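So the structure is just underneath, and the comments pick up after that.
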Amino acid sequence: MSEFKPRILAFYCANCASSAANVSESMSLGVPAGVKMVQVPCTGRIETLHLLKPFEEGADGVYVAGCQEDSCRYMSGILKAEKRVAQVKRILEELDIEPGRIEAFKLSAGKGFRFAEIASEMMKRVQELGPISGG
Amino acid sequence: MIVAEQKPIRELVEMVKDFQKILVLGCKGCVTVCNVGGAKEVGVLASALRIWGRKTGRDLQVGEHTLERQCDPEYIEELGGIVGEYDAVISIACGVGPQFVSERYPTARVFPGVNTKFMGGAVAHGIWSERCAGCGQCVVHYFGGLCPIARCSKSLMNGPCGGSADGRCEIHKEVECIWDTIVRKMTEQGRLNELIEFKPPKSWTTARDGGPRSMIREELVK
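Residue numbers (the numbering used here), protein chains in the order written: chain A, 63 to 197; chain B, 670 to 891.
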């Protein structure tokens, strides 16, 4: 049996999380191979369907990295994203899929180390959960 | 609007587990407004079904379609070339939708994707509340524009009852005692004396108790 290589899609906002990504890059901290990063103007724009589609298309995990609650440029973007992530967790549970495959993270602009750490955390978590397809 | 909520996905997959080609059918009417059965929700449910297919290794084909309304025959006709391509249809309109589809396409296997709850409105974003019981004889003008039929737990025409406390209903603290609100409003309007007048028992023959209802307007009948 071939080794499981998780595919993870990460949405990150163009403000705090994006700045954290730049700091991370300047510290030469990369994200694991298999994590595909998608920048969005604000995590509040991410719809439930945006979070489900990656699972439909073959992703094993999804996460959202946005601003901290008190520093969101658009006031409540990450709070909206958290609610949608919670909705997708409920949907996954109903489908007997581990809800931990999706998560929302809040980080401030200077948290370059944390940005890279989140990617590694999710990779480790999904690696342990294994592939979705049961067959 | 008619307010509905999505059935648990677990219940839905149990309904359609024996089918390979499934159409998720939305409605642009009430259920779009209450965010349960419009094009967006069609997309979410269809995606969830495809993920279920991936999880269980099923070769599912899930189609998506949203009609202008599922409660008018002319829009149901639009499904003529579509329904036959699927083994099952999940209608996420109110309870009217799956029946109109079933009646028009007798061989189609049609399943309800939502539970129809009540007639009401949005009191805040994401929060809906019942306002009308469809009793067939509207009486809100007697009660300051508020309906004790739909909003009083006992549908009292002469209230409040002894279960009213601090403006809340005895069945649950979260339920407003509409009779408390009616009395306050009528007092503010200087019409409290109108509530002293006894309201005779309501005739329920115009409500659902009189059996299934229909309505004919001759000027519109072709």
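For glycine and all other residues, C-beta sits at the position ideal for the given N, C-alpha and C. Keep in mind it's a predicted model, so treat the numbers as computed, not measured.
**Message:** Please tell me whether W721 of chain B has its Cβ less than 9 Å away from any Cβ of chain A.
**Reply:** yes
**Prompt:** Quick one, which residues of the stretch 676 to 692 of chain B are near chain A if we go by CB-CB under 7 Å, in chain order?
**Reply:** P677, I678 and R679
**Asked** From G764 of chain B to G880 of chain B, what distance separates their C-alpha atoms?
**Response** 17 Å
**Request:** Evaluate contact between the stretch 160 to 171 of chain A and the stretch 121 to 138 of chain A, counting only Cβ atoms and requiring at least three cross-stretch pairs below 8 Å.
**Result:** Put simply, the stretch 160 to 171 of chain A touches the stretch 121 to 138 of chain A. At least three CB pairs are less than 8 Å apart.
**Request:** Per DSSP, which residues does I691 of chain B bridge with? Please list them.
**Result:** B:V731 and B:A757
**Prompt:** Since A717 of chain B and E733 of chain B are thought to touch, with beta carbons under 8 Å apart, how far apart are those beta carbons, to the nearest angstrom?
**Reply:** Not confirmed; about 12 Å, so no contact.
**Message:** Am I right that K823 of chain B and E754 of chain B are in contact with their C-beta atoms under 8 Å? What's the rounded C-beta distance?
**Reply:** That belief does not hold up - the Cβ atoms of K823 of chain B and E754 of chain B are roughly 50 Å apart, past 8 Å.
**Item:** Neighbour list for I194 of chain A in chain B, Cβ cutoff strictly below 7 Å
**Value:** Counting only Cβ-Cβ distances below 7 Å, I194 of chain A has contacts in chain B at R723 and K724, in chain order.
**Request:** Using the Cα positions of H112 of chain A and F769 of chain B, report the straight-line distance between them to the nearest angstrom.
**Result:** 32 Å
**Prompt:** In this structure, does DSSP put F616 of chain B in helix, strand or coil?
**Reply:** Residue 616 of chain B cannot be examined here, being either before or after the span of chain B that is shown, 670 to 891.
**Item:** Expected contact under 8 Å - CB spacing of G813 of chain B and R882 of chain B to nearest Å
**Value:** That belief does not hold up - the Cβ atoms of G813 of chain B and R882 of chain B are roughly 27 Å apart, past 8 Å.
**Minimum Cβ-Cβ distance from G197 of chain A to chain B less than 9 Å** = Low per-residue confidence applies at G197 of chain A: pLDDT is 49, beneath 50, and the placement is therefore not dependable, though the value from the model is reported in the following sentence. Judged by the 9 Å Cβ criterion, G197 of chain A is in contact with chain B.
**Request:** Run down chain A in chain order and give the residues with a C-beta less than 8 Å from the C-beta of E712 of chain B.
**Result:** Note on residue identity: the sequence assigns Gly, not Glu, to residue 712 of chain B. Neighbours of G712 of chain B on chain A, chain order: L111.
**Request:** Pull up the distance between the alpha-carbon of D849 of chain B and that of G836 of chain B, whole angstroms please.
**Result:** 5 Å
**Item:** Contact with chain A by A717 of chain B, beta-carbon distance below 9 Å
**Value:** yes
**Request:** Give, in chain order, every unbroken run of the beta strand (DSSP E) that is at least 3 residues long and sits entirely within the stretch 774 to 826 of chain B.
**Result:** The stretch 774 to 826 of chain B contains, as complete beta strand (DSSP E) runs of 3+ residues, the segments 779 to 781, 783 to 793 and 796 to 801 (chain order).
**Prompt:** How far does the beta strand (DSSP E) with V100 of chain A in it reach, from first residue to last?
**Reply:** Bounds of the beta strand (DSSP E) holding V100 of chain A are V97 to V102.
**Request:** Name the two residues that bound the continuous beta strand (DSSP E) containing G54 of chain A.
**Result:** Nothing can be reported for residue 54 of chain A: it is not among the residues displayed for chain A, which extend from 63 to 197.
**Partner residues on chain B for I140 of chain A, Cβ-Cβ distance less than 7 Å** = By Cβ distance, chain B contributes nothing, its closest Cβ being about 18 Å from I140 of chain A, past 7 Å.
**Message:** Quick check: Y811 of chain B and E843 of chain B, are their CB atoms within less than 9 Å of each other?
**Reply:** no
**Prompt:** Residues of chain B with a CB under 8 Å from the CB of D158 of chain A: which are they?
**Reply:** K724
**Request:** For E160 of chain A, collect the residues of the same chain with a Cβ closer than 8 Å to its Cβ; drop the 5 residues on either side in sequence, then sort them by chain order.
**Result:** L154 and L191
**Asked** Looking only at C-alpha atoms, which of A:M99, A:D158 and A:T110 sits nearest to V150 of chain A?
**Response** Minimum Cα distance to V150 of chain A is reached at A:T110.
**Prompt:** For K709 of chain B, does the three-state DSSP call read helix, strand or coil?
**Reply:** helix
**Request:** Indicate whether at least one CB of chain B lies closer than 9 Å to the CB of I153 of chain A.
**Result:** yes
**Item:** 9 Å Cβ cutoff met for L681 of chain B and I751 of chain B
**Value:** no
**Prompt:** Since L157 of chain A and W721 of chain B are thought to touch, with beta carbons under 8 Å apart, how far apart are those beta carbons, to the nearest angstrom?
**Reply:** 5 Å
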